[in-house]
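Here's the structure, in structure tokens; my notes come after.
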Amino acid sequence: MPHKITRRLLMVLAASLLASSCSASDGDRGTRDPYPYWEKGAGAPEVADFMKVDVPAGATEVKGAVQANPQEDVYLLSFVTGAEQAVQIAEDLRSEKPLRTRAVDLPPDQELFGHLGLPEPQTLKGARWAGVCPPCVKDHRRGNVQWIDVYVYDMAGGKARVYLHAF
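For the sequence shown, position 67 (counting from the first letter as 1) is numbered 72 according to my numbering, and the numbering increases by one without interruption.
Pasting the structure below:
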């Protein structure tokens, strides 16, 4: 009988050690929620710096956020600027193909720009899109960026909203 008690005690002890080693302490992760979560204090300046994008002087409604993920963080940036400046920003990304309206655009698999209080760019009729892999086009300015989606949505008065999504 003492053998059974010792065995049970060892099993309980092993289970509790395993549970405590698999859970992160507040010192390891702070008090963050499980992935994905939105980085506190990360906004448009941090996102623009990561993407190496200059937000034009005079741009309005400048918004940015970083969604932390286990493998790749997602960077979002949006602003309203002149339509010509919006196209120049897209061209500066060096996409192999110019901005274009997609014939069929699938609904977004998740709402990202909704976090910024904006509609998802794929849902906007007439929004033009280009995608670029900075390492593939040898854009050494953006060495840490694997992919950037840019959407330009023309608005009234010669303005356009720029949406940038990178990881």
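We put the CB at the ideal spot given by N, CA and C, even for glycine.
Here the structure is a predicted model, which means the values were calculated and not measured.
Next on the checklist: On the criterion of 16 or more Cβ atoms from any shown chain inside 10 Å, does residue 157 qualify as buried, or is it exposed?
Outcome noted: buried
Item to check | Residue(s) in a DSSP beta bridge with residue 154 | outcome: 136 and 170
Item to check | Pick from 115, 53 and 84 that is closest to residue 164, judged by C-alpha positions | outcome: 84
Item to check | residue 80 vs residue 118 beta-carbon contact at 8 Å | outcome: no
Checklist entry - residue 54 by DSSP, collapsed to three states: which one? => result helix
Checklist entry - Between the C-alpha atoms of residue 140 and residue 46, what's the straight-line distance to the nearest angstrom? => result 28 Å
Next on the checklist: Pull the bridge partners of residue 72 from the DSSP assignment, please.
Outcome noted: 43 and 79
Checklist entry - Thinking C-beta only, is residue 39 closer than 8 Å to residue 74? => result Result no, Cβ atoms of residue 74 and residue 39 do not sit closer than 8 Å.
Next on the checklist: What does DSSP give as the partner residue(s) for residue 67 in the beta ladder?
Outcome noted: DSSP, once it has assigned bridges, lists no residue as partnering residue 67.
Checklist entry - Is residue 30 helix, strand or coil when you go by DSSP? => result Confidence in residue 30 is poor, its pLDDT being 38 and thus under 50, which makes the residue's placement unreliable; the coordinate value appears in the next sentence. In the structure shown, residue 30 sits in coil (DSSP, three-state: anything other than H, G, I, E or B).
Next on the checklist: Taking 8 Å as the threshold (C-beta atoms), are residue 104 and residue 134 in contact?
Outcome noted: yes
Item to check | For residue 93, the first and last residue of its enclosing alpha helix (DSSP H) | outcome: 88-97
Item to check | C-alpha distance - residue 77 paired with residue 148, whole-angstrom precision | outcome: 14 Å
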